[in-house]
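Engineer: Residue numbers (this note's numbering), protein chains in the order written: chain A, 6 to 181; chain B, 6 to 181.
There are 2 protein chains.
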Amino acid sequence: MRKLVYLWNMDLQEGKDKFIQAWGTLGSHWGINRTMAQVHALLLISANPLCAETIMSELQISRGNANMNIRALIDWGLVFKELKPGERKEFFVAEKDMWEVIRQVIVQRKKKELEPIIKVLNEVGQIESETGPDVEEFEKVIRDISLFATKADSTLDSLIKADQHWFVGTFMKMIK
Amino acid sequence: MRKLVYLWNMDLQEGKDKFIQAWGTLGSHWGINRTMAQVHALLLISANPLCAETIMSELQISRGNANMNIRALIDWGLVFKELKPGERKEFFVAEKDMWEVIRQVIVQRKKKELEPIIKVLNEVGQIESETGPDVEEFEKVIRDISLFATKADSTLDSLIKADQHWFVGTFMKMIK
DNA sequence: CTCAACTTTCAAATACTTTTGAAAGTTGGC
DNA sequence: GCCAACTTTCAAAAGTATTTGAAAGTTGAG
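1. Would you please state the rounded distance, in angstroms, between the beta carbons of residue 60 (chain B) and residue 42 (chain B)? I believe it to be under 8 Å.
2. Would you say residue 122 (chain B) lies against chain A (beta-carbon separation less than 8 Å)?
3. Taking CB distances under 8 Å as the criterion, tell me whether residue 54 (chain B) reaches chain A.
4. Using the beta-carbon count (16 or more within 10 Å), is residue 69 (chain A) buried or exposed?
5. Could you tell me the distance, in whole angstroms, from the CA atom of residue 27 (chain A) to the CA atom of residue 66 (chain B)?
6. The alpha helix (DSSP H) spanning residue 64 (chain B) covers which residue range?
7. Cα-Cα, which of B:153, B:143 and B:110 is closest to residue 165 (chain B)?
8. Strictly by DSSP, which residues pair up with residue 84 (chain B)?
9. Does the pairing of the stretch 96-106 of chain B with the stretch 44-58 of chain B give three or more beta-carbon distances under 8 Å?
10. 8 Å is my cut-off, CB to CB: does residue 85 (chain B) come that close to chain A?
11. Identify the continuous alpha helix (DSSP H) that holds residue 132 (chain B) and give its terminal residues.
12. By the 7 Å beta-carbon criterion, what residues does the stretch 20-49 of chain B contribute toward chain A?
13. Quick check: the Cα distance between residue 93 (chain B) and residue 163 (chain A), rounded to an integer number of angstroms?
14. Hey, residue 147 (chain A) and residue 103 (chain B): beta-carbon distance below 8 Å or not?
15. Who are the near neighbours of residue 63 (chain A) in its chain, counting only those whose CB is closer than 7 Å to its CB and skipping five residues on each side?
16. Using 8 Å as the limit for Cβ to Cβ distance, is residue 183 (chain B) near chain A?
17. Could you tell me whether the Cβ of residue 151 (chain A) comes closer than 8 Å to any Cβ of chain B?
18. Does residue 139 (chain A) get closer than 8 Å to chain B when you measure Cβ to Cβ?
Dropping the structure here:
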């Protein structure tokens, strides 16, 4: 009997660890650093808010690292601070609605990636010059990409505003 | 007069450099390393195919670096080899259709990111165990994410198959 | 005001990624 | 077969990003 309980614990823990690892890897492809994504994963699969101390020991990371990444997650709107009455320390919960998670990631990446490239495209599109095959090719490529970037920008704005029902209903049906 | 010509050259060169830098930064957020994206940018804005030597000197990079990144771009389907009759060395041209570029990036990232997480989700969703709040929360989160991941998977498959007209026409109108 | 409990900061250390360049490999033409 | 022109490889070096931990900062309770 003792052995059975032990094996069951291992299975859940193993599953959690596997998920935390995988979420960390996925995050690192999405502008979220590995540890930041692992903290998010840990909070996602936790039934209760966790404090910094617990996060540090579960993920085997330092205090500074935990603090920095928790703050970054709060900035991204993926984690919220929760204060328990009578307790001095802070507890944290993850945004668990996947649609909301995606939206926040889109907002952040749009700001950090799309907006800067649109700015550069506008700047370099303004070259006053003689004609020539090089200039023409350059300007054509810049025009094409600008068009694309502008479309992507408004598409993302719409996605950010859209709610999940709209997305899952209308969009999913449409692409089938 | 000499001065005017010189200034005009500087402007085009400046524009090209700015664009190459920006495309490099953008690429590094998209699983394409900085140099790889810069090589792609250089080829994008070039009116003619370029050889390794030219790429090396324009971007000030080593032979090995140039070679590795050109090969990677070819693997991703973003650059094509072109042989000029009578010339021994290889020349390269970029995929210039932005829609095709995006499609290739989606294909690669789906393979490297979405498919592995779906595999892990299926594995960890199989835990046989007693009930308890921890297990329930874990399984609920995994189920939610699985659902989402499966939807994303089929959405991306459709996008990959879709052509630009469909996308720009139907999709863009829809989200307005 | 003071203390203890907690959070934040940041310079140095570590880990990870990319780049270099020289040597090895390949290939077409003679 | 042999050479010269070109491409590929890969171990070491350089460059980036992340992590640590100890010290400084903050804050509520007494």
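Built from N, CA and C at the ideal position, the CB exists for glycine as well.
Structural biologist: Looking at the coordinates:
1. Cβ-Cβ separation between residue 60 (chain B) and residue 42 (chain B): approximately 13 Å, too far for a contact (criterion under 8 Å).
2. yes
3. For residue 54 (chain B), no CB of chain A lies under 8 Å from its own CB, so it is not counted at the interface with that chain.
4. exposed
5. Roughly 34 Å separates the two Cα atoms.
6. 57-64
7. B:110
8. B:99
9. yes
10. By this cut-off, residue 85 (chain B) is not an interface position.
11. Element bounds for residue 132 (chain B): n/a, residue is neither H nor E.
12. 20, 21, 23, 24, 27, 31, 34, 36 and 49
13. Each residue's Cα considered, the two are about 51 Å apart.
14. No. Outside cutoff.
15. So the list reads 47, once near-sequence residues are dropped.
16. Any answer about residue 183 (chain B) is impossible in this case: the structure gives chain B only from 6 up to 181.
17. no
18. yes
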